[in-house]
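Here the structure comes first, spelled out in structure tokens, and everything after it is commentary.
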Amino acid sequence: MAVAHPHSLNSSDAPHVLRDATATPTSDKSFNVAAHGLRGIASLMVFFAHLLGGTAEHVYASNSAYVAAIGPFWNFGTFGVCLFFAISGFVILPSALHYSPREFAARRFLRVYPLFFVLSVLYVALNAATNLYPDTNNLTAILAGLTFLNLFTHTEQLTPNAWSLTFEVWFYVFTGAFVFLAIRRPSKVGVAVLGLLAAFFIARYPIALYFVAGGLIRLAYDRYDWVRLGHHRLAESAALATCVFLSARGHYDYHLSDFQNAEVPVLVASTALYFCLAVSRNSLTTLLLGNRLLRYFGTVSYSLYLVHPYTYLLTRSVFSHAHLFTANVVVSMGAFVVAAGAITWILTHLANRTFELWPYELVYHQKIYRSTSQQNAVWSWLGLGTKRFAWLRG
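Encoded structure:
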């Protein structure tokens with residue numbers, strides 16, 4: 494791969510040159526198989542958590558045995574979101590380094606906003622007709638949701654599940670600002686102010702630690718062969734078992750007060766350790782998640798994440814009106830999961846092709862999930878070989 498020497502580029506030229514050097518779509522081998530597959534696993538965790546947890550709350554609330562049985566699965570849904578955040582931390586930093594700030598923002602916008610906007614408009618229309626959620630049936634909540642300012646107006650997001658997307662967008666803002674102030678237009682004062690703002694944000698919303706963990710793992714992945722090529726399957730399995738055990742034990746809102754429970758910081762640390770070991774090319778996770786089915790779920794994970802609350806509510810409404818939720822919980826829930834799964838898959842696939850992939854590919858004439866092997870270009874842009882950034886490479 495031919496990459497211009499960093500000293501021959503100014504900051505505005507570099508992203509263009511790097512883009513030309515790495516924009517050619519490549520085979521699936523360029524993916525980090527584990528990170529991509531874990532997207533799909535995380536989205537499925539959230540999906541099944543809502544199927545089981547929603548029916549426990551709204552259909553079988555009086556069935557104490559069922560409610561108790563699905564408790565761990567409901568908790569896994571929250572852990573799935575945390576896993577999404579770690580994955581974002583891992584994959585977004587190279588993108589922020591690779592593109593100019595304007596193009597980074599534009600690509601992120603086209604990547605997440607079209608589908609979010611369509612489903613948010615659908616939510617607003619349905620809520621206006623039914624007033625099912627009166628707290629978001631007003632202009633302030635609608636505008637705050639559409640602009641991802643709901644954290645500051647203390648209103649709920651519009652599209653169900655999109656609360657996590659607000660955190661994603663603010664992570665993009667912090668990452669883009671960091672790259673600009675630390676690398677493109679270096680400013681010690683700017684970095685210090687940004688650091689204080691980031692620290693305040695994390696203190697207010699400690700769940701953002703998963704983004705930080707993913708970003709640090711990305712730096713380690715690009716720097717150390719033992720992370721990128723390691724073979725640590727025993728430690729990986731132990732870390733995963735710890736994550737499963739702790740995440741199943743309780744539902745955490747990730748307030749600072751939650752960290753008084755020792756299990757919460759251990760869960761964050763074990764998740765970071767597992768993900769660090771999982772992204773290795775020789776990991777057990779890479780081996781298990783490399784099949785076509787899980788790659789497909791990784792590709793449609795964003796659409797599945799945002800679409801399924803609507804299909805769940807639709808299917809639950811049909812089953813309730815048809816009296817298909819009977820005393821035989823196993824049979825009723827089996828039929829419900831199959832029906833909801835089929836409807837969700839059809840609409841997820843359509844949403845993925847129409848509102849997720851099409852706008853991005855129309856503008857940029859390239860696949861979303863193309864090469865992620867931009868490592869050489871990234872290190873050249875950082876100034877590989879110079880004293881200034883030699884500590885990053887080692």
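For the sequence shown, the residue numbers in my numbering are 494 to 887. The C-beta atom is built at its ideal place from N, Cα and C for all residues, glycine as well.
Taking A598 as the centre and dropping the five residues before and after it, the same chain places the C-beta of G669 closer than 7 Å to its C-beta, in chain order.
A distance below 7 Å between beta-carbons, with the five flanking residues on each side excluded, links L850 to the following residues of its chain, in chain order: I861. Assignment of I585 by DSSP, reduced to helix, strand and coil, places it in the helix class.
Straight through space, the alpha carbons of S657 and L590 are spaced by roughly 23 Å.
For V617 against I635, the beta-carbon gap comes to about 6 Å, under 8 Å, which counts as contact. V757 and V856 have their C-alpha atoms some 42 Å from each other. Closest by C-alpha distance to T735, out of Y714, F752, L760 and Y717, is L760. C-alpha of G570 to C-alpha of H724: approximately 29 Å in a straight line. Linking S555 to A835 through their CA atoms gives a straight-line distance of about 28 Å. The DSSP assignment places complete alpha helix (DSSP H) segments of no fewer than 4 residues inside the segment 581 to 660 at 594 to 623, 632 to 639 and 643 to 646, in order along the chain. The DSSP-derived three-state label of K681 is helix. Contact between the segment 766 to 778 and the segment 707 to 722 is present: 3 or more CB-CB pairs across the two stretches fall below 8 Å.
Here S810 has no same chain residue with a Cβ atom under 7 Å from its own Cβ, once five neighbours each way along the sequence are excluded.
Excluding its 5 nearest sequence neighbours in each direction, S796 has C-beta neighbours in its own chain below 7 Å: L608, T841, A844, N845 and E849, listed in chain order.
One Cα belongs to A685, the other to S813, and the distance between them is close to 55 Å. Put simply, the backbone Cα of A692 is about 38 Å away from that of H858. Fewer than three Cβ pairs drawn from the segment 573 to 582 and the segment 544 to 563 lie within less than 8 Å of each other, which leaves the two stretches out of contact.
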